[in-house]
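Working notes, structure below.
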Amino acid sequence: MTTGYTVDQLRAAISDAVRAPSLHNTQPWRFRLVDGGIELAVDPLRRLPATDPSGWGARIACGAALFNLRLALAVAGTPASVRLRPYPGDPDVVARLVPDVPRRPTPTEQSLRGAIARRFSNRAPFWPDPVPADARWRLGEAARAEQCWLELVIGTTAVNAFAEIARSAHRVLERDPAYVTERTRWIRSEPSPDGVPTAAGGPQSEPQDLLPQRGFGGRDRAPGRDFEPEPLVAVLGSTGNTATDQVVAGQALQRVLLTATDAGLAVSMLSQPIEVPGAREALRLSLGRFGTPQMVMRIGFGQPGRTTPRRPVDEVLDLPVVH
1 MTTGYTVDQL
11 RAAISDAVRA
21 PSLHNTQPWR
31 FRLVDGGIEL
41 AVDPLRRLPA
51 TDPSGWGARI
61 ACGAALFNLR
71 LALAVAGTPA
81 SVRLRPYPGD
91 PDVVARLVPD
101 VPRRPTPTEQ
111 SLRGAIARRF
121 SNRAPFWPDP
131 VPADARWRLG
141 EAARAEQCWL
151 ELVIGTTAVN
161 AFAEIARSAH
171 RVLERDPAYV
181 TERTRWIRSE
191 PSPDGVPTAA
201 GGPQSEPQDL
211 LPQRGFGGRD
221 RAPGRDFEPE
231 PLVAVLGSTG
241 NTATDQVVAG
251 QALQRVLLTA
261 TDAGLAVSML
271 SQPIEVPGAR
281 EALRLSLGRF
291 GTPQMVMRIG
301 FGQPGRTTPR
311 RPVDEVLDLP
321 VVH
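Position 174 (the sequence shown) corresponds to 174 in full-length UniProt numbering; numbering is contiguous.
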């Protein structure tokens, strides 16, 4: 009977965990092995004080990395039992994983784990083809499997109402010089293991765009390549908004993103309405949902996009600690 994970098992799982999304691709996580258990923590050196003053975005990102970690371990035949935020005195530790009863991975786990390397944010315009009903159902089930909800914003009136909330939040954020400076600092025009490459930043915003685009220095779009007039917008939410709820939501977000990737769908994330408290509450009220919106996604079919770089395993791994 295995009593704990090994460094080699951790290294193998980290290579999948770091493929999770994060605000500005900051990759705000660290991993370590403590008494045979894997611990995942927020990296305090990679916080975004202007964009993410509460740490919500870092916890969402770490939750997404945690879901990848769970998948990698399960597919390797060494599934984990997880405790979220296990140490009240060390809130940066978002999870501790210890070996559970060994078992064969499920077909769903294998499919989702296979989607990890193919998942990325596609900030380009999508094709007009509608997302099929069965794919929409699968996305909702993915959120529910991780104790969250997914609300699809359907119809011209509802999409336009959401777009106004999103544009209003975007204007609020863009008026903050510290926010703009911080975003600019994470744009990469040269090869780098973190940040958003200009090639992956999506096209420059234009006045006719329905939804706001965060400016990552993208290129001008080709004529006729406007964004879809009625995108499928999905709002992911959790029952509460504690730090633990945000880690749970990060896991649900990654499960939804991988489910979308497995279904051949493209996704980009719009977090501006979440980052502005007034906009987040307006969004919740417009949906008529209890709980807290945690992320907004634009979902559809699109051309292959570009992956963003990741830091090597050794840069996010702390060596074993012996108590």
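Beta carbons: idealized from backbone N, C-alpha and C, even for Gly.
None of these values were measured; they are calculated from a predicted model.
Nonlocal neighbours in the same chain, by C-beta distance under 8 angstroms from residue i, ignoring five residues either side
i: Q147; result: S238, T239, V248, A252
i: R19; result: N68, I116, A117, R119, R310
i: P293; result: V235, L236, G237, P273, I274, R280, L283, R284, L287
i: V313; result: R11, I14, S15, V18
i: R59; result: V42, V94, A243, Q246, V247, G250
Sequence-distant residues of its chain with Cβ nearer than 6 angstroms to residue i (five each side left out)
i: G4; result: G36
i: F162; result: V153, V233
i: G195; result: N25, W186, R188
i: P193; result: P309, R311
i: P105; result: A74, V75
i: G57; result: L23
i: A135; result: A263
i: V256; result: L139, A142, A143
i: M297; result: A234, V267, M269
i: N241; result: T292
i: A200; result: R306, T308
Among the options, the one whose alpha carbon lies nearest that of residue i
i: P132; options: G264, V82, V316, A282; result: G264
i: D129; options: V316, G302, P44, D314; result: G302
i: P107; options: A76, N122, G89, V93; result: A76
i: N160; options: R30, E230, D262; result: E230
i: Q213; options: H170, W127, P53; result: H170
i: R70; options: T184, G300, E109, L211; result: E109
i: T156; options: E228, T198, W137; result: E228
i: R11; options: P21, C62, G250, A72; result: A72
i: residue 359; options: D314, G250, L139, A199; result: There is no way to answer for residue 359, as the model of the chain reaches only from 1 to 323.
i: P102; options: W127, P191, T78, N241; result: T78
i: P203; options: P28, R47, F126, V82; result: F126
Nearest-angstrom beta carbon gap, residue j and residue i [assumed within contact, 8 angstroms]
i: P91; j: A243; result: 7 angstroms
i: P49; j: A80; result: In fact, because the Cβ distance is near 32 angstroms, the residues do not count as touching under 8 angstroms.
i: I38; j: L84; result: No, I38 and L84 are not in contact; Cβ-Cβ is about 13 angstroms, not under 8 angstroms.
i: V93; j: L66; result: 11 angstroms between Cβ atoms; not a contact.
i: S121; j: S268; result: 5 angstroms
i: A158; j: L211; result: Rounded, the Cβ-Cβ distance is 13 angstroms, inconsistent with contact.
i: G305; j: A124; result: 6 angstroms
i: P28; j: R47; result: 7 angstroms
Residue burial classification, residue i (beta-carbon count within 10 angstroms, cutoff 16)
i: D176; result: exposed
i: G89; result: exposed
i: F290; result: exposed
i: Q208; result: exposed
i: L285; result: exposed
i: T181; result: exposed
i: H323; result: Confidence in H323 is poor, its pLDDT being 48 and thus under 50, which makes the residue's placement unreliable; the coordinate value appears in the next sentence. The residue is exposed, with fewer than 16 neighbouring Cβ atoms inside 10 Å.
i: L45; result: exposed
i: S54; result: exposed
i: R144; result: exposed
i: E151; result: buried
i: V276; result: buried
i: W149; result: buried
i: A178; result: exposed
i: T51; result: buried
i: M1; result: Note that M1 scores 44 on pLDDT, short of 50, meaning its location in the model is unreliable; the coordinates nonetheless yield the value given after this. Answer is exposed; the Cβ neighbour count stays below 16.
i: P191; result: exposed
Residues near residue i in its chain [Cβ-Cβ closer than 7 angstroms; skip 5 each side]
i: R30; result: A41, D43, V316, D318
i: D262; result: S111, L112, A115
i: R138; result: T259, A263
i: S168; result: A279
i: I299; result: V131, L232, A234, A260, L265, V267
i: L173; result: Y179, Q272, E275, V276
| query | Whole alpha helix (DSSP H) runs in the segment 37–121 with 4 or more residues, listed along the chain? | reply | 56–75, 107–115
| said: Which runs of the beta strand (DSSP E) at least 3 residues long sit entirely within the segment 149–221? Give them in chain order. | reply: 149–153
| task | Could I get the ranges of all uninterrupted alpha helix (DSSP H) runs contained in the segment 263–289, with 4 residues as the minimum, in chain order? | result | 272–275, 277–287
| task | Go through the segment 11–41 residue by residue and report every complete run of the beta strand (DSSP E) that reaches 3 residues or more, in order. | result | 29–34
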